[in-house]
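J.: Questions regarding the structure given below will be posed in turn.
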């Protein structure tokens, strides 16, 4: 079932290792087939070094396994809530990449400091609040998704394709799994740049809003002119 999508999702997960975003089993990528109503996601706790397309797990939007011999990622309920809330999402990546997770642990949005950031994120990269003890003790992974959704009121996850969760890590978004990995990789690099920026100048100010507009719109706006036709 969904063999081509399993291949895509497996490759996207392996790209987390290739791009230096994960150690051991610290991350996962999923992609949704909206027509079928099914999600393909990495299995829980399986080493990237031994992972194959046939190991990917297919679940429905209620979390039921419909194909696969292994248990799906423990973060599956988070992915499900995000897919339900944001119909324009096609892929989700979760990582604990070093610099971005440091910002998450600090409970800080990543400020817009420069054009690399603006090329991909239309504003600061938000940090969602901590979960309460009741939320952690309850349906923890589902509640993680709900906290992200709460933070994204008024935001478009394809315009700001990444979020930090306080004391946890990173979720990045895309039109498919591969693009969500791409955005997770950019987010980690932007987090690294922001960390160094504040080390060099601990009073650094955000870059000008007109610079954000120029760089984001030239790449993503209706009159975008970056790249080839």
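Residue numbers (our numbering): 98 to 326. The beta carbon of each residue, even a glycine, is placed where N, CA and C say it ideally should be.
Is the stretch 193-204 touching the stretch 164-173 in the sense that three or more CB pairs, one from each, lie closer than 8 Å?
T.: With the cut-off at 8 Å, the stretch 164-173 and the stretch 193-204 do not touch.
J.: Which of the three DSSP states is assigned to residue 225 in this structure?
T.: Three-state DSSP puts residue 225 in a strand.
J.: For the alpha helix (DSSP H) holding residue 110, just list the boundary residues, first then last.
T.: Start and end: 100-115.
J.: Identify, in the order they occur along the chain, each residue of the same chain with its Cβ nearer than 6 Å to the Cβ of residue 141, setting aside the five sequence neighbours on each side.
T.: Counting only Cβ-Cβ distances below 6 Å, and skipping sequence neighbours, we find 168, 170 and 171.
J.: Step through the CB atoms of chain C and report whether any lies within less than 7 Å of the CB of residue 319.
T.: Absent from the structure is chain C; it holds one protein chain and no more.
J.: In angstroms with no decimal places, state the Cα-to-Cα distance between residue 227 and residue 112.
T.: One C-alpha to the other measures close to 29 Å.
J.: Using the Cβ count rule (16 or more neighbours within 10 Å means buried), how would you classify residue 125?
T.: Buried: at least 16 other Cβ atoms inside 10 Å.
J.: Have a look at 214, 184, 318 and 321 and flag the residue whose alpha-carbon is nearest the alpha-carbon of residue 271.
T.: Among 214, 184, 318 and 321, the Cα nearest to that of residue 271 is on 184.
J.: Along the beta strand (DSSP E) that carries residue 269, what are the first and last residues, could you check?
T.: 266-271 is the extent of the beta strand (DSSP E) around residue 269.
J.: With DSSP run on the structure shown, which of helix, strand or coil describes residue 191?
T.: Residue 191 falls in the strand class under three-state DSSP.
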